[in-house]
Amino acid sequence: MNGEFVSGFVRDCDAIRARGPLIHCITNYVAMNFNANALLAVGASPLMSFRQEEMRDVAALCDALYVNIGCPDRALTDAAETAVGAVGELGKPWVLDPVGAGATQLRTDIAGELIREGHPSIIRGNASEIMALAGSSVCRTRGVDSAVGSEMALDSARELASDAGCVVVVSGSTDYITDGRQVLTVENGSPLMRRVSGTGCTVSALCAAFAAVDSDCLTAAWNAMALMAVAGERAASRYRGTGTLMTDILDELSLCNAAQFSSVIRGTVLTE
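In this note's numbering, each residue carries its 1-based index in the sequence shown increased by 63.
What follows is the structure, given as C-alpha cells:
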C-alpha cells in the first residue's frame, strides 16, 4: 500500500489515543455495546444519547457524530435529524451507516433524507445498501445483509460519493473507499467476521473516531477499515467460536500496535 497512507494510519491511531475524541453514537440496540467497547479499545470515548432535546448540547461537546439506522424508530430518527443539523452548523464530521437501505422503503427514505439534508462526511454500508442509495435498479438484499459482492457496488459508490460530496465505503471481502475520484481498497479481514453481529456497525463508529482526528475523510475511512480488518483477521486466526471472536476483536483493537498492524495491511490505490 502507498507509504503515505500507511504512515497516516500510524499517525492517526496514535492521535486517537492521545486526544481521546468524544464520539456521539446514535446507533442500533443490537450493536450498541460492541460500538462502545470498540471505541474505548482504540482510545476514543463513546457517548450514547437518543433524546432529541439534548442533541444540540451533545453536538457542542462531541468531536464527531455516528448515526446508524439499524433500529429506525421515530425517536432515533428524530434525534438523528436534529443531531446532524447541529454538528453541521458546528462544522464537525459525521458518519452515516444506512443499515437496511434497499431492504425496506422506510430505511431507504430515512437514509436518503439524512444524506440530502445533513451532508455526511462518510457513508459506510454493504454493497446492497450503497447501490440502493445510488438508485441502482439491480440492488438486491437479504434483510440487512448484502446479496452481492462489494465489487458490484463500486460504480454506485463513486456516483454516490460525487453526488453527496462525501466519502463512501463499501464493506465486503474487499473494502472499497472512494471520494468519487480516488478509490482505495483494504483486502484484510476474515469471512468469520460476518458471524458476529455488529462488526460493520462498529467499523462505522471507528470511521467517526478517525474523522475526529483527521480532516481528510478518505484517509480517515481507510484507516478505520484497515484497523478493523487487521484486528478481525488476527482474531480469526485463533478462532474458537463466535462468542470469543467478538472479545478477541476487541482485544486486538485495545492492544493494537499501529506500526505492527500497518506492516500487514493489504490494500491498493485503484484510481487517482
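Ideal Cβ positions, reconstructed from N, Cα and C, are used throughout, including at glycine.
Check, Outcome
"Nearest residue (CA-CA) to T171, options R119, T140, N251 and V121", "T140"
"Contact check, V293 vs F324, beta carbons under 9 Å", "yes"
"Contact check, A164 vs A149, beta carbons under 9 Å", "no"
"Burial state of V121, where buried means 16 or more other Cβ atoms lie within 10 Å", "buried"
"Cβ-based burial, R187 [other Cβ within 10 Å; buried from 16]", "buried"
"Status (buried if at least 16 other CB within 10 Å, exposed otherwise) for V126", "Position check: residue 126 holds Asp in this sequence, whereas Val was assumed. Buried: at least 16 other Cβ atoms inside 10 Å."
"Range of the contiguous alpha helix (DSSP H) that encloses V69", "G66 to R82"
"Neighbour-count burial assignment, V147, 16 or more Cβ in a 10 Å radius", "buried"
"9 Å Cβ cutoff, S112 in contact with chain C", "Here there is only one protein chain, and chain C is not present."
"Buried versus exposed, by CB contacts within 10 Å (16 or more), D136", "exposed"
"Residue environment, H182, which counts as buried when at least 16 other CB atoms sit within 10 Å", "exposed"
"Stretch-stretch touch, CB-based, cutoff 8 Å, three pairs: the region 213 to 231 with the region 258 to 267", "no"
"Extent of the continuous beta strand (DSSP E) run through S234", "V230 to S234"
"Residues of its chain near E214, where Cβ-Cβ distance is below 7 Å and the 5 sequence neighbours each way are ignored", "T237"
"Sequence-distant residues of its chain with Cβ nearer than 6 Å to G295 (five each side left out)", "G252, S253, M256 and I312"
"Touch test, the region 98 to 107 against the region 302 to 317, Cβ-Cβ under 8 Å, three pairs minimum", "yes"
"Straight-line Cα distance separating G83 from A321", "16 Å"
"Selection from M288, G304, V93 and R301 that minimises the alpha carbon distance to G330", "M288"
"Where the beta strand (DSSP E) containing N251 begins and where it ends", "Taken as a continuous stretch (DSSP letters only), N251 belongs to no beta strand (DSSP E), as it is neither H nor E."
"From Y239, V130 and M291, residue whose alpha carbon lies closest to that of L177", "V130"
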